[in-house]
Structures are given as C-alpha cells and as structure tokens.
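Just add 11 to the spot in the sequence shown (first one is 1) and you have the working numbering.
Heads up, the beta-carbon is just placed ideally off N, CA and C, and yes, glycines get one too.
Computed from a predicted model, the values in this text were never measured in an experiment.
Since the structure comes first, as structure tokens, the remarks are kept for the end.
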Amino acid sequence: MPVRNEAENIGPVAEEIAAGMSGQSPFEVVYVNDGSTDNTAVEIDRVMKDRPWLRHLRHAVSCGKSAAIRTGVAAARGRLIVTLDGDGQNDPAFLPALIEPLLQNERIGLVVGQRVGRKDTAFKRIQSRIANKVRAAVLRDGTRDTACGLTAFRRDAFLALPYFDGMHRFLPALVRRDQHEIAYFDVVDRSRRAGKSNYGMSDRLWIGVLDLVGVWWLIRRRARVPQAVEIVDKMCQGHSRITACNDLNGIP
Ligand SMILES: Nc1nc2c(ncn2[C@@H]2O[C@H](COP(=O)(O)OP(=O)(O)O)[C@@H](O)[C@H]2O)c(=O)[nH]1
Ligand SMILES: [Mg+2]
Numbered sequence: 012m013p014v015r016n017e018a019e020n021i022g023p024v025a026e027e028i029a030a031g032m033s034g035q036s037p038f039e040v041v042y043v044n045d046g047s048t049d050n051t052a053v054e055i056d057r058v059m060k061d062r063p064w065l066r067h068l069r070h071a072v073s074c075g076k077s078a079a080i081r082t083g084v085a086a087a088r089g090r091l092i093v094t095l096d097g098d099g100q101n102d103p104a105f106l107p108a109l110i111e112p113l114l115q116n117e118r119i120g121l122v123v124g125q126r127v128g129r130k131d132t133a134f135k136r137i138q139s140r141i142a143n144k145v146r147a148a149v150l151r152d153g154t155r156d157t158a159c160g161l162t163a164f165r166r167d168a169f170l171a172l173p174y175f176d177g178m179h180r181f182l183p184a185l186v187r188r189d190q191h192e193i194a195y196f197d198v199v200d201r202s203r204r205a206g207k208s209n210y211g212m213s214d215r216l217w218i219g220v221l222d223l224v225g226v227w228w229l230i231r232r233r234a235r236v237p238q239a240v241e242i243v244d245k246m247c248q249g250h251s252r253i254t255a256c257n258d259l260n261g262i263p
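Structure, rendered in structure tokens:
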C-alpha cells in the first residue's frame, strides 16, 4: 500500500484490512510511506504494535506512487501481491476476490479492479473518462479503467516490467506486452476518507500524454524473447565442454 500524507486514514484502513483478510491464507501488508511530511509514520508505527503482519517501509524523500509500489513489491515475501490505495477509496473487503483469478489460472498475470459507482467529483470523473478512452484507443489494452488502486499480480511478473515514474497507470498494457492474460473485477468505489488528493490536473494530463507515447513505443518495439537452446558438440558430450574442446584443439 503506497501512502503519502495519509495519517488520518492509516488506522481505519488497517482495521478494514484485518477484517477483510481474516481467515485467509497467511499474508503480510507492506505500507510504503513515500516521504510523508505529516504524522503518517507515527500512525503506521502505532497500528503495527498489535498487528505482526504489518510492515513499514519508508522512502527518505517522496519518489512517487510507482516507486512506492515497486519498493513494496520488491520487499514482499509472497508470490502474489494485491495493491490498494491508502486513502480508504478501495474497500479491503475485495482483496481475497482479487487474488482468486491468480490462484485459478496460471496464465493470468494481472487482475485489474474496475471502479463502479465512482465517488470522485464530476470534473475528475470527466478527466478520468477522457484519459481512459484515449489510453484504450492508443494502446488497445482492453481495459476500461486503469486508475483503480486495487490490482493483483504475480510478484515476478511485476518486477520484470519496465520501471518508470507513472508505470502503475499502464499495468494492463505492460503485462500484456509480456504475454500474460488479464482478468477484471468490478469494485464498488468509495470516497476518500480524509485528507486530500495527491494529484492535480497537470500531473495527470501532461505527464499522462508523455507516458502514453512511451508505453506505445514500448509495445511497438517489443523484442521477441527467444527460446534459446545450447547445441552441444557430440564429440564433447560427457566431458566438461571447455576442457574437452581445448583438448581436441590441442590447447593446454
Ligand atoms: N507513495 C506515494 N503514494 C502516493 C503518491 N501520490 C499518491 N499516493 C497514494 O496513492 C493513492 C492514491 O492517491 P490519491 O491522492 O488518493 O489519488 P486520487 O485518488 O487519484 O485522487 C493514495 O494511497 C496515496 O496516498 C506519491 O507520490 N507517493
Ligand atoms: Mg484517492
């Protein structure tokens, strides 16, 4: 869970996660505190006291949401990962259902939460609708909504993706580029519990256009990953190849 300046939301969201995950397989929750300047760190330390499944990683300075997600995934000890926002917009009750498709089908590399009943302001919803339409048309990633914080994926598949600031908004296209299948899951949206959004319009629009061009290029220029086999010289079989060949060539 990436968090930046979410002090008031830490306690309530931790409680909801505990309720949503009770009775599930062993799990851990990695909070990545991305250089928060409010009481987020104090709050995470407080809720960790009686929750041994909670971990607190901290960036010395804010590096952005993609960086925070990557830090959390790299630190995670499980093979399967679910992400969710730390502002209470994502209901942790959906966590087990998001993991399920990954357990059922090994070809699936990513499960994407799709928000229904959006609770954002009308202005933000329009921005989001336009951005999603443009992205889907350019990348043909078959995804209605890539900005939902609830996603689930395989740790190794995620860590193999190209890493850049903003990559978390392009997971379907990037995962598909690596030949994994994608599953979708509708999640009921909620309002931010407290605090304010970390993003303004300029962050999303201009950087979003630049990132879109970058991801389009990555897809266009995807290099085939060859299945390489080593051809072993029959004369050398059964010996250590280097020694044997050197012997044959008369090299000491
Ligand atoms: N680590 C990190 N998390 C961020 C950053 N910006 C946003 N977040 C987190 O990402 C989630 C979604 O951000 P939010 O500000 O709610 O964006 P919105 O829902 O699109 O308005 C929240 O949990 C934030 O705390 C950032 O720069 N770094
Ligand atoms: Mg939010």
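Under 7 Å between the Cβ atoms of residue i and residue j?
i, j, result
"glutamine 35", "proline 107", "yes"
"glutamate 17", "glycine 160", "no"
"aspartate 152", "proline 173", "no"
"glutamine 100", "arginine 201", "yes"
"glycine 97", "methionine 12", "yes"
"leucine 199", "glycine 128", "It is worth fixing the name first, because residue 199 is valine in this sequence and not leucine. Contact: yes."
"tryptophan 64", "glutamate 39", "yes"
"valine 122", "phenylalanine 196", "yes"
"alanine 194", "proline 112", "yes"
"valine 145", "alanine 87", "no"
"valine 14", "glycine 46", "no"
Assign residue i to buried or exposed, taking buried as 16 or more other Cβ atoms, counted over all protein chains shown, within 10 Å of its Cβ.
i, result
"methionine 246", "exposed"
"lysine 60", "exposed"
"proline 37", "exposed"
"leucine 221", "exposed"
"serine 208", "exposed"
"glycine 75", "buried"
"isoleucine 110", "buried"
Let me check you understand the geometry: is the CB of residue i closer than 6 Å to at least one non-hydrogen atom of ligand 1?
i, result
"tyrosine 195", "no"
"valine 133", "According to the sequence provided, residue 133 is alanine. The question's valine does not apply to it. Outside the cutoff, so no."
"glycine 75", "yes"
"arginine 15", "yes"
"aspartate 45", "yes"
"tyrosine 174", "no"
"alanine 79", "yes"
"tyrosine 42", "no"
So what does residue i bridge to, in DSSP terms?
i, result
"asparagine 345", "A question about residue 345 goes unanswered here, because the residues of the chain that appear run from 12 up to 263."
"phenylalanine 164", "Ile92 and Leu121"
"tyrosine 195", "Val123"
Task: Exercise answer, beta-carbon shell around ligand 2 heavy atoms below 6 Å - done: Matched residues: Asp96, Asp98, Gln100, Arg203 and Ser208.
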